[in-house]
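Some notes on the structure that comes next.
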Amino acid sequence: MTEVDLIILGAGPAGMTAARTAAEGGATVLLIDEQTSPGGQIYRSIQNVSDQRAAILGPDYGQGRPLAEALDHSNISVDYAATVWRVDEDGSVVYSIGGQARQAKGRHLIVATGALERPTPVPGWTLPGVMTAGAAQILLKSSGIVPERAVLAGAGPLLYLIACQLITAGFPPALLVETQTRGNFFKALKYLPGALRAWPYINKGREMLRQISEAGVPRYTGAKDIVIAGDGCVAGIAFTVAGRRYDIACETVLLHSGVVPNTQITRSLRLDHDWDDRQLCFYPRTDDWGVTSNPVVSVAGDGAGIGGATAANLGGKLAALGALKALGKIDATARDAKAVPLRAALSRETAIRPFLDTLYRPADDLRKPADDVVICRCEEVVAGDIRRYAKLGCTGPNQAKAFGRSGMGPCQGRYCGLTVTEILAEANGLPPSDVGYYHIRSPLKPVSLGELASLADDNNHEE
Amino acid sequence: MSSEYAIIGGGVVGLSIAHGLLGMGKRVAVYDEGDNAFRASRGNFGLIWVQSKGLNEPAYAKWTKRSAVAWQNYADELSEGSGLDLSLHQDGGLDYHMSEETLASTAASYENLKQNLGGAYPFEILDHKALKKAEPGIGPNVAGAILHHEDGHVNPLRLLQALAMEVRRLGGVIRTNTHVGNIEAAEGGYKLTLEGAKQAFAERVVLSAGLGAMDLGPKLGFKAPIRPQRGQVMITEKLPPLMNRPASKFRQVNEGGVQIGASQEEVGLDDRETLAITAGLARHAIDVFPALSKAKLVRSWSALRIMSPDGLPIYQQSISNPGAYLVTCHSGITLSATHSRFLPLWLEGHADTPDLTPFSEERFDVPAA
Amino acid sequence: MFQRLDDPSADDVSFTFDGQQLQARQGENLAAALIAAGVVSTRSTPVSGAPRGPFCMMGACYDCVVEINGETVQACMTAVTDGLQVQRVTGGVDD
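Chains as they are written, first to last, in the numbering used here: chain A, 880 to 1342; chain B, 1265 to 1633; chain C, 323 to 417.
Here you go:
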């Protein structure tokens, strides 16, 4: 059992900066990540990419490099290819490397496991050839593989980023199918003045749209009734814009309708969560230092609320400062002084969120699809099943799980939890905050019985 | 809201009773809490288990056997009404033993019960060789098993869903997300105070609220000497067929996963799963079925059973409040058939009522010094 | 389909998927290697037998599970080594 001052889960921007900040503050840090190298998803493979790939990915991606290099500090040890499958309330962690169990305990724990892409249940989304937009980006970052003539569908700035990266790589997408409407835009306008504080992002957005336009990639906005079709794999995508139905042949569809906090660990710890009506997701309740309803557990980065890489960087530093104070390595005055510029920068970084969240708010039919659409990919439960369970008295996702097995598969609700919560909320006329979310328990990721058994106390051979 | 029967608690016990009462033409309302209640029904194992029950109380063994015999017809009726297949299999069940000593002593206790039941207790002792023929997947360290031919298993989630559908289809009213805060005698029956200060009325009340009986029971004059007992359960990824019969601690569910459990822990109202117990369960599973060592555990969960002091059910009509009944047990799946078929006869004071006096609360009286 | 940005002739290891020999880079992501090799569907679901392929590439969705040495593993969390033998998962794991 490894014992350290601080355990950090996740080596993305929040985790990497938290590790360095805490290490410099005198804390011993164990950083654990399930990939084979640091970066999380946004800076995935940052230490392994060729210059050619880095150029395609753009200058923002390069910002991850110094963060990864900063992990080289005597107070930091990093375990890679490590899958965390159990976290306990006292800050102890069980993880798996190469099928072998390891245990570690920290006096404080920072959860920096980031975000997941929001499930985008459209008809045909389970066909081979459909992936998340993030998946395409990972294929590019980690392996230098790109789709030919992909169709990008959904809403959100990540669609534009990936479109631009594909264009730069020489394989422009066939088209963009975007679900945001003029109505979204008008509602978002009231947030634009505030968003102008983050004007570099607005500029970046405009630059991306310009690049997409110059590359001749068509954009269809206000798209509805998206259907992906094919026999055994994707053959095409259909959608409606302004009353006209389009049918496009393609082999690859990249879906994206935003990212949401990954709450598996925080849920397994039974921490308090709140529902964000603008971002349409749950997030763990945290104070200014990222501390949750368990005083030894903090959350930093997108896992605490979607804000992007730079916000995650700042949040990681703030969480580390909070942890240093909790560990007695820094006093409150010094902690607060260091936090001042971080908070100012964080406020600027997150200024654009209300505008973006409103503009790219995922459409209702992307979150609460028609009855025959699969919403639990693992167990192949359809939306209509969930509505039926609501009629049978299911007011929450755990009863729906008991009736229909949604959430019982290996992904443990990562790609159906929010959908089930929202469908039940609508069916029962309740707010999502009242409906709640799946109960999440260890193992956080499937683990072999052999590995679990290796941790059995030799005294308790058989009860 | 007014009914002949108010059933407090919409888990497997309450719904089974409601189903039976509706079949007798009664007007029934079921009051159930919400998604975050303890819901012991979530912790069940899916076994319809005769062996090991009532070793010290033959009446319980008989009650259990009666339920097992009634299960096929009960399942057929639920299937026909709901359209759901309950995956009922009653081809016998196994109790694995890792040592000859425990195998022999358990067999001796079964033999003793068999005598008390006049021989109606069909079990066999399988030594390792015989067991290996029946279950090729077992490991070399398994000493043997006891096979009881009346044991079986069912898909408990389908059972719950079928009951929920059938109770509604037969005209029962189910109020979910509805905590019952108080029950008091009123003219002609009982007044229930619900959430939001709403009220409901019923001529009779059946308290099948699991751990909720600790709070509501005394209001109706019950001792309700129940306590929570935690059981942790786990299930693997879907696997090719590995087990022919269910066992007390293992069963391969019809969807393919192997379910492993359960613990028996006295930890109060703590329904968390723990590393120590799940690791121990995994170790035992591999001892019995070595091929499980590579199988991936996908989920573990735990639930709080309702335990009486001697582990037997409690069926009690309130002495101070006739028309109020307490029903509690920890074998809700096994007894579901009898709770639908025969318990309502007792509630109604029917001529064919089963004799449930061995299960009254009176057995818990401490004799006067 | 999918193209490699780097020189495709630089493929330097081979592995098999359901007995079919495929080329990849040493140590590359198995899911990426399968996609680059044109394998679209890497498993069939246990519930309905529906075809699935890699979806999230970040170890979260479990749609890319394959069988290696009698164990189900996520292809997107596995590195290719020379001679690696990978099987499709259809229903349960075959021992």
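Heads up, the beta-carbon is just placed ideally off N, CA and C, and yes, glycines get one too.
For leucine 352 of chain C, list the residues DSSP reports as bridge partners.
Answer is none; leucine 352 of chain C lacks a bridge partner.
Quick check: alanine 893 of chain A and valine 908 of chain A, are their CB atoms within less than 7 Å of each other?
no
For glutamine 1581 of chain B, collect the residues of the same chain with a Cβ closer than 6 Å to its Cβ; drop the 5 residues on either side in sequence, then sort them by chain order.
Tyr1589
State yes or no: is the C-beta of tyrosine 1316 of chain A within less than 7 Å of the C-beta of glycine 1296 of chain A?
yes
Reducing DSSP to helix, strand and coil, say where serine 1600 of chain B ends up.
helix
Near-chain C residues of the region 1322 to 1335 of chain A (beta-carbon distance less than 9 Å), N- to C-terminal order
Lys1324, Pro1325 and Ser1327
Could you please give the first and the last residue of the uninterrupted beta strand (DSSP E) stretch that includes threonine 962 of chain A?
961 to 966
Sort A/Arg1076, A/Gly1084, A/Val1175 and A/Ser975 by Cα distance to arginine 986 of chain A and report the nearest one.
A/Val1175
Excluding five sequence neighbours on each side, which residues of the same chain lie with their C-beta closer than 6 Å to the C-beta of serine 1316 of chain B?
none
My output table needs one value for serine 1351 of chain B: the three-state DSSP class, helix, strand or coil.
coil
Kindly list, in the order they appear in chain C, the residues whose Cβ is closer than 9 Å to that of arginine 1256 of chain A.
Thr367, Arg374, Phe377, Cys383, Tyr384 and Asp385
Report all residues from its chain with a CB closer than 8 Å to the CB of isoleucine 1410 of chain B; omit the five preceding and five following residues, and keep chain order.
Gln1315, Leu1358, Asp1359, His1361, Leu1367, Thr1370, Ala1371, Tyr1374, Phe1387, Glu1388, Ile1389 and Leu1390
Give the secondary structure of histidine 987 of chain A by DSSP, where H, G and I count as helix, E and B as strand, and everything else as coil.
strand
Is phenylalanine 324 of chain C buried or exposed, if buried means 16 or more other CB atoms sit within 10 Å of its CB?
buried
Please classify histidine 1594 of chain B: does DSSP put it in a helix, a strand, or coil?
coil
With H, G and I counted as helix, E and B as strand and the rest as coil, what does DSSP make of threonine 403 of chain C?
coil
Anticipated Cβ contact below 8 Å, glycine 1286 of chain A with glycine 1292 of chain A, distance rounded
4 Å
Count the other C-beta atoms from every protein chain shown that fall within 10 angstroms of the C-beta of alanine 1168 of chain A, then say buried if there are 16 or more, exposed otherwise.
Just to set this straight, residue 1168 of chain A is tryptophan in the shown sequence, not alanine. Buried.
Proximity below 7 Å, CB of threonine 1621 of chain B to CB of tryptophan 1610 of chain B
no
Tell me which same chain residues have a C-beta within less than 7 Å of the C-beta of alanine 1632 of chain B, skipping the five on either side of it?
Its pLDDT being 38, under 50, alanine 1632 of chain B is placed unreliably in this model, and the value from its coordinates should be taken loosely. Here the set comprises nothing.
Any idea what DSSP makes of asparagine 927 of chain A, helix, strand or coil?
coil
Beta-carbon contacts of proline 1311 of chain A that lie in its chain and below 7 Å, excluding the five residues immediately before and after:
Trp1154, Thr1300, Glu1301 and Ala1304
Does the region 1189 to 1204 of chain A come close enough to the region 1220 to 1233 of chain A that 3 or more CB-CB pairs lie under 8 Å?
yes
Whose C-beta lies closer than 8 Å to the C-beta of glutamine 1425 of chain B among residues of the same chain, with five residues either side of it excluded?
Ser1346 and Leu1348
Drop a sphere of 10 angstroms on the beta-carbon of histidine 1340 of chain A, count the other beta-carbons inside from all chains shown, and report buried for 16 or more, exposed for fewer.
Low confidence applies here, because histidine 1340 of chain A scores a pLDDT of 43, under 50, leaving its location unreliable; read the following figure in that light. Its Cβ having fewer than 16 others within 10 Å, histidine 1340 of chain A is exposed.
Residue from B/Asp1551, B/Asp1535 and B/His1443 with nearest C-alpha to glycine 1460 of chain B
B/His1443
Please confirm if asparagine 1441 of chain B has its CB atom under 7 Å from at least one CB of chain A.
yes
Of all Cβ atoms in chain B, is any one closer than 7 Å to the Cβ of arginine 1124 of chain A?
no
Going by Cα to Cα distance, which pick from B/Ile1281, B/Pro1608 and B/Ser1572 is closest to arginine 1491 of chain B?
B/Ser1572
Span separating the alpha-carbon of asparagine 1446 of chain B from that of arginine 1433 of chain B
28 Å
Give a yes or no on whether the minimum CB-CB distance between glycine 1115 of chain A and chain C is below 7 Å.
no
Through-space distance from threonine 992 of chain A to alanine 890 of chain A, alpha-carbon basis
8 Å
Three-way DSSP call (helix, strand, coil) for tyrosine 1039 of chain A in this model
helix
Going straight from the alpha carbon of asparagine 1376 of chain B to that of alanine 1325 of chain B, what length do you get?
12 Å
Can you give me the Cβ contacts of aspartate 1250 of chain A inside the same chain, cut-off strictly under 6 Å, excluding the 5 residues immediately before and after it?
Ala1262 and Gly1263
State whether the region 998 to 1007 of chain A contacts the region 1274 to 1284 of chain B, with contact taken as three or more CB pairs (one from each stretch) at a distance under 8 Å.
no
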